[in-house]
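Quick notes on the structure that follows.
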Amino acid sequence: MKINLANIKKAQKLLNKNECVAIPTETVYGLAGNAYSDKACKKIYKIKKRPKNNPLIVHYLNNQILKKDCSFNNDFLKLYKVFCPGPITFILDLKKNSKISKIVTNKKNTLAVRFPKHRVARNLLKKLDFPLAAPSANPSSKVSAVSSDDVRDDFGNKVKYVLEGGKSSVGLESTIIDIRNKPKILRLGGLEISAIERTLKKKVTISNNPLKVSSPGQFNLHYSPGIPIRLNAKKINKNEAYLSLEKMRQNKTNFYFLSNNGNLREAAKNLYSTLRKIKKDKYKSIAVRKIPNKGLGKTINDRLKRASKF
Ligand code: AMP
Ligand code: MG
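Those letters in the sequence shown? Residues 64 to 373, by the numbering used here.
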């Protein structure tokens, strides 16, 4: 994709004035604001209708810049070297003199940090003298946005500007890891756990109710397309869309598939746009055919499970 410098300049100008701008990243689109500004961060919560006790992820260009705000250890550096920029978010200790707004962290002394790979996001970060707080650009608890059209569908003119960046290539949110002591996965995501374990040369634990840990009670419903979802469905009911990992031999109008031949990366990329499409096509519910629980399939199943708590 060709970088449009005029568009990036427009986003830069708005962000400098403490406005919120939707930005493309390789995971999902983010609703971005100056992470050092209370005013900008308050706007993010307001636009998303996000509960105040759910802290924001902050996006940095690189770890040199991060040094001003957070301290980090060897495990962080090992993962940073291999996977950053990319779909992994680290929970780190905030430094006492960090300029990060208290609104971002809900007064916690930890910060969720990511280094986006998307060229447009990196180009924008290079032009700013602050990092960007940017949770997913969707109303709280709904399906994340993976294109600029998704953001406009969800927010209309509530978001001042949507920076174009094509369809997100990963299509799932980042994997969140608390790296401060014994590495612990807080949210499954676009980077597979096995790759993290290979790099750290040790097992990492997975918090069994990850999202509740950081924000109790807020996450029973998440990633929801707004219609019921049935998992591991064998039969299809009337008015139901049928969602499968791979293209089915039989192809009825209510059949939707995430990939041509079962490729999990392709399926991850298509997951949210397909859920949105099914909703737009006016189906009343979704039956999901069993998806193998391995690699990115684990993340896909995690998202569908949360989305099914409708
Ligand atoms: P989103 O940006 O919408 O993809 O969601 C960000 C996720 O990161 C949320 O689930 C937050 O609860 C989590 N998060 C942000 N900051 C922290 C933190 N300091 N400790 C633990 N989890 C965090
Ligand atoms: Mg989100």
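Ideal Cβ positions, reconstructed from N, Cα and C, are used throughout, including at glycine.
Residue interval of the alpha helix (DSSP H) (run including residue i)
i      : result
Leu140 : Asn137 to Phe146
Thr168 : Lys165 to Thr168
Tyr108 : Asp101 to Lys111
Ser257 : Ile256 to Leu263
Leu187 : Arg182 to Lys190
Limits of the unbroken beta strand (DSSP E) element including residue i
i      : result
Lys321 : First, the amino acid is wrong: residue 321 is Leu here, not Lys. Looking at the DSSP string, the run of the beta strand (DSSP E) that includes Leu321 is Phe318 to Ser322.
Lys247 : Lys247 to Arg250
Ile349 : Ser348 to Val351
Asn25  : Nothing can be reported for residue 25, as the shown portion of the chain is limited to 64 through 373.
Leu174 : Thr173 to Arg177
Thr238 : Thr238 to Asp241
Bridge partner(s) assigned by DSSP for residue i
i      : result
Cys133 : Leu157
Glu303 : Ser348
Ile66  : According to DSSP, Ile66 bridges with nothing at all.
Ala85  : Leu94 and Val225
Val121 : Val176 and Ala196
Ile151 : Thr238
Ile341 : Paired residues: none, contrary to the question.
Ile269 : Ile248
Three-way DSSP call (helix, strand, coil) for residue i in this model
i      : result
Leu327 : helix
Ile363 : helix
Leu7   : The question about residue 7 has no answer, for the chain in this structure spans 64 to 373.
Lys205 : strand
Arg293 : strand
Glu309 : strand
Asn116 : coil
Ser287 : strand
Asp216 : helix
Ser336 : helix
Ser199 : strand
Ile128 : helix
Ile354 : coil
Val276 : Bear in mind that the predicted position of Val276 carries a pLDDT of just 46, short of 50, making it too unreliable to give a figure here.
Lys76  : helix
Ser211 : helix
Arg369 : helix
Proximity of residue i and residue j at Cβ, strictly below 8 Å
i      : j      : result
Ala197 : Leu94  : yes
His181 : Gly228 : yes
Gln75  : Lys190 : yes
Glu309 : Asn295 : no
Ser210 : Lys230 : yes
Asp132 : Lys158 : yes
Ala184 : Ile86  : yes
Ile349 : Ile269 : no
Arg352 : Ser307 : yes
Ile239 : Leu155 : no
Lys347 : Glu303 : yes
Val176 : Tyr224 : no
Ile110 : Lys221 : yes
- [ ] Examine the Cβ distances between the segment 167 to 184 and the segment 251 to 266 and report whether three or more of them are shorter than 8 Å.
- [x] Contact between the segment 167 to 184 and the segment 251 to 266 is absent, with fewer than three C-beta pairs closer than 8 Å.
Open item on the list: Quick check: the segment 231 to 239 against the segment 323 to 336, are at least 3 beta-carbon pairs closer than 8 Å?
Closed with: yes
TODO: Evaluate the contact criterion for the segment 309 to 317 versus the segment 358 to 372: three or more CB pairs, one atom per stretch, below 8 Å.
DONE: With the cut-off at 8 Å, the segment 309 to 317 and the segment 358 to 372 do not touch.
- [ ] Indicate whether the contact test is met: 3 or more Cβ pairs, each with one atom in the segment 242 to 250 and one in the segment 91 to 109, closer than 8 Å.
- [x] no
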